[in-house]
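Just so you know, the sequences run in chain order U and V. Positions in the first sequence are counted from 1; adding 4 to them yields my numbering. Positions in the second sequence are counted from 1; adding 4 to them yields my numbering. All residues carry an ideal CB built from backbone N, CA and C; glycine is no exception.
Number of protein chains: 2
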Amino acid sequence: MHRLGSRPPASLDPMVAVTAHDMNCVNTVILDRMQSDIPLIPKLAGHLIAGGGKRMRPMLTLASASLLGYGGTRHHRLAAAVEFIHTATLLHDDVVDGSDLRRGKRTANIIWGNPASVLVGDFLFSRSFELMVEDGSLKVLKILSNASAVIAEGEVNQLTAIRRLDLSEERYLEIIGAKTAALFAAACRIAAVVAERPEGEEAALDSYGRNLGIAFQLVDDAIDYVSDAGTMGKDAGDDFREGKMTLPVILAYARGDAEARAFWLRAIREGENGEAMLAEAVQRMRDTRAVDDTMARARHYGQRAIDAIGPFASGAAKDAMIEAVEFAVARAY
Amino acid sequence: MHRLGSRPPASLDPMVAVTAHDMNCVNTVILDRMQSDIPLIPKLAGHLIAGGGKRMRPMLTLASASLLGYGGTRHHRLAAAVEFIHTATLLHDDVVDGSDLRRGKRTANIIWGNPASVLVGDFLFSRSFELMVEDGSLKVLKILSNASAVIAEGEVNQLTAIRRLDLSEERYLEIIGAKTAALFAAACRIAAVVAERPEGEEAALDSYGRNLGIAFQLVDDAIDYVSDAGTMGKDAGDDFREGKMTLPVILAYARGDAEARAFWLRAIREGENGEAMLAEAVQRMRDTRAVDDTMARARHYGQRAIDAIGPFASGAAKDAMIEAVEFAVARAY
């Protein structure tokens with residue numbers, strides 16, 4: 005049994021180490037399959053794919069396969085497919101959000117324009133299905149095509165929730181469960197499919213990924229109110245400026261008095277989002293412990309992720325997967 | 005043997021009649037599978053799906069299946085998948101092109117904004133793969149995932165060719181072969197897969213669809229220089245205003261003298277695209293027979309489409325598929 009928080013300081017290094025060899029193979033597939041006779045495609049895709057992402061999702065596929073002692077190579081192609089789905093989503097997200105900075109770099113839509121980002125996203129998405137078809141497992145195809153549809157639904161759900169201060173924590177959890185956690189869950193689950201493990205192990209890995217994904221997104225949402233672009237490669241206050249409803253805002257609004265609610269209406273619904281407003285938002289979150297408690301919620305899901313893989317045999321892969329959760333929930337501090 | 009042009013006036017009615025019963029089933033699948041708990045999704049998707057499109061691509065799947073005497077129902081789900089891919093492409097296209105009118109109606113991106121169009125497109129694309137996975141044929145999945153990647157490549161290719169007057173007819177044919185004809189070809193080919201026909205028949209139907217698709221796009225490109233919004237549900241001159249390189253422009257430019265080329269440079273590369281410029285462009289195309297000869301090229305591909313299905317048994321389906329080609333190439337007049 006592992007209690008979250010009992011082993012800091014945490015890092016992603018053990019998971020990187022456990023998956024290093026396989027990740028080389030995945031990177032080869034990724035580089036090979038993002039090629040095209042149309043030069044703009046590898047150029048634009050490469051900007052994001054080579055752009056210093058952690059390859060978290062394919063790493064989860066690889067770590068899960070390692071946890072199960074899988075000795076084959078099918079997961080390389082599928083991990084690349086997972087990364088392509090993620091990359092396509094990021095390209096479209098940046099268009100949808102009008103973002104200009106991701107991981108500390110200018111976004112593809114800023115450099116090459118929205119049309120190219122939309123179309124190269126479509127290309128990568130199609131390529132991911134081609135990779136799955138080459139693998140040939142209808143079960144994997146079902147898991148990942150369903151995850152893709154759920155992600156898109158979650159994104160639309162979030163879009164329709166923009167600037168809606170009456171968003172409930174429940175609906176917010178539905179949104180991040182779809183737009184973020186579904187792919188984490190699928191990335192882990194498919195490892196059990198290729199390793200031909202029983203349904204119970206599939207479900208356990210799905211649960212690990214899903215809860216980790218929720219924890220991950222909650223921490224991301226908290227970070228938006230505590231970090232700056234220098235440390236996180238993301239503009240602090242991006243969510244605030246976009247009027248995005250995240251748990252810190254939901255909690256600060258729910259816990260505030262009439263005067264506080266008036267502030268949040270001005271900031272989120274009416275879009276008064278200058279530096280002074282952001283500073284005040286951060287202060288109000290501190291006063292209501294909204295960010296701290298978003299982190300507490302993240303730890304709750306993190307603990308559930310850890311417990312989900314409790315039944316699996318101990319070893320380097322399991323330790324790494326546990327520490328990845330520790331890392332995910334410790335990032336903001 | 006059927007010689008193109010020997011049976012005017014042509015209409016799509018015979019193909020509609022041949023596929024009417026099956027199309028009811030396809031429409032049921034489409035309406036069922038565009039649903040979502042997120043109300044914006046069916047609303048936005050329905051705007052385009054119920055918006056008076058001819059359902060040309062799924063109709064081709066159904067007509068091809070009928071040509072082969074296929075008696076099952078698998079093609080209903082797959083035809084719906086084809087229509088979803090097409091709809092997703094249209095939603096993204098309108099964002100990419102900044103279009104405001106399609107089939108005589110305001111486009112989804114104008115009504116609901118680009119972000120929603122991008123995301124609902126992603127949703128429909130994912131749903132199309134879910135439908136294919138439910139059918140369970142890896143061969144169909146391969147054909148359609150490849151077609152999707154090719155379409156996206158073609159769109160990017162076209163994007164990078166914008167305002168490039170040096171575009172060759174060859175590269176233009178590559179572009180429309182990818183962005184339009186690939187899905188026509190796949191829509192026809194998958195009928196042979198579900199009917200379990202030999203490779204040769206698959207290839208013949210692929211060829212019919214591909215050549216029809218090229219003819220179709222050539223005529224569309226010609227129409228942009230002869231029609232008005234009232235008759236075609238498309239703004240005449242859209243391509244001209246966007247600086248899109250299409251065969252009429254390629255021919256008019258190639259056939260013009262130095263003075264003519266200077267005109268096209270101003271119009272296409274520098275974007276001088278007011279009404280007077282459009283009128284002059286149309287006149288110059290008339291003088292160089294650029295539109296007429298684009299139509300002649302279309303008839304060439306149309307004849308190839310008809311000859312590709314020559315070996316199949318005569319009957320209502322074959323007659324309807326031939327007349328669909330006649331209709332495609334006769335549309336402008």
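According to DSSP, which residues form a beta bridge with residue i?
{"i": "Leu94/U", "result": "In DSSP, Leu94/U forms no bridge with anything."}
{"i": "Arg301/V", "result": "According to DSSP, which records beta bridges pairwise, Arg301/V is partnered with nothing at all."}
{"i": "Lys109/U", "result": "Arg106/U"}
Need the endpoints of the alpha helix (DSSP H) that residue i sits in, please.
{"i": "Asn28/U", "result": "17-37"}
{"i": "Val329/U", "result": "320-334"}
{"i": "Ser68/V", "result": "60-71"}
{"i": "Gly341/V", "result": "Outside the displayed span of chain V (5 to 337) sits residue 341/V, for which this structure offers no information."}
{"i": "Thr43/U", "result": "The question names Thr, but residue 43/U in the sequence shown is Pro. First-last for Pro43/U: undefined, no H or E at that position."}
If residue i and residue j are in contact, beta carbons under 8 Å, what's the gap, nearest whole angstrom?
{"i": "Met5/U", "j": "Gly314/U", "result": "7 Å"}
{"i": "Leu52/U", "j": "Ala112/U", "result": "6 Å"}
{"i": "Val122/V", "j": "Val100/U", "result": "6 Å"}
{"i": "Ala1/U", "j": "Phe127/V", "result": "Missing from the structure shown is residue 1/U; chain U here goes from 5 to 337 and no further."}
{"i": "Leu72/V", "j": "Arg201/V", "result": "6 Å"}
{"i": "Ile180/V", "j": "Arg335/V", "result": "Between Arg335/V and Ile180/V the Cβ distance is about 16 Å, and since that is not below 8 Å, they are no contact."}
{"i": "Ala92/U", "j": "Gly125/U", "result": "4 Å"}
{"i": "Ile194/V", "j": "Leu142/V", "result": "Incorrect: roughly 12 Å between the Cβ atoms, too far for contact."}
{"i": "Leu216/V", "j": "Ala309/V", "result": "4 Å"}
Please indicate yes or no: does the CB of residue i lie closer than 7 Å to some heavy atom of the ligand FMN?
{"i": "Thr111/U", "result": "Within the structure as shown, the ligand FMN is missing, as the structure has no ligands at all."}
> Where in the segment 147-218 of chain V do unbroken runs of the alpha helix (DSSP H), each at least 4 residues long, occur, reported from the N-terminal end onward?
Replying inline: Complete alpha helix (DSSP H) runs here, min 4: 173-180, 186-198.
> What beta strand (DSSP E) runs, 3 residues minimum, are completely inside the segment 238-315 of chain V?
Replying inline: None, since the segment 238-315 of chain V contains no complete beta strand (DSSP E) of that length.
> Three or more beta-carbon pairs under 8 Å between the segment 292-299 of chain V and the segment 311-329 of chain V, yes or no?
Replying inline: Segments in contact, no.
> Are the segment 182-192 of chain U and the segment 270-281 of chain U in contact at 8 Å, needing three or more beta carbon pairs?
Replying inline: Touching, no.
> When the Cβ atoms of the segment 26-46 of chain V are set against those of the segment 75-92 of chain V, are three or more pairs found closer than 8 Å?
Replying inline: Segment contact: the segment 26-46 of chain V against the segment 75-92 of chain V, three or more CB-CB distances shorter than 8 Å; contact assigned.
> Would the segment 149-165 of chain V and the segment 117-124 of chain U be scored as touching if the rule is three or more Cβ pairs under 8 Å?
Replying inline: Contact between the segment 149-165 of chain V and the segment 117-124 of chain U is present: 3 or more CB-CB pairs across the two stretches fall below 8 Å.
>> Taking 8 Å as the cut-off, does the segment 300-320 of chain V touch the segment 7-17 of chain V (at least 3 CB pairs, one atom from each stretch)?
In response: Taking 8 Å as the limit for Cβ pairs, the verdict is that the segment 300-320 of chain V does touch the segment 7-17 of chain V.
> So does the segment 126-140 of chain U actually touch the segment 166-177 of chain V, counting three or more Cβ pairs closer than 8 Å?
Replying inline: As far as the Cβ criterion goes, the segment 126-140 of chain U does not touch the segment 166-177 of chain V, which means the pair count is below three.
> Is the segment 244-258 of chain V touching the segment 274-288 of chain V, taking contact as three or more C-beta pairs under 8 Å?
Replying inline: At 8 Å Cβ cutoff, the stretches touch.
>> I'd like to know if the segment 218-225 of chain V and the segment 256-265 of chain V are in contact, where contact means that at least 3 CB-CB pairs between them fall below 8 Å.
In response: Output reads no: the segment 256-265 of chain V does not touch the segment 218-225 of chain V.
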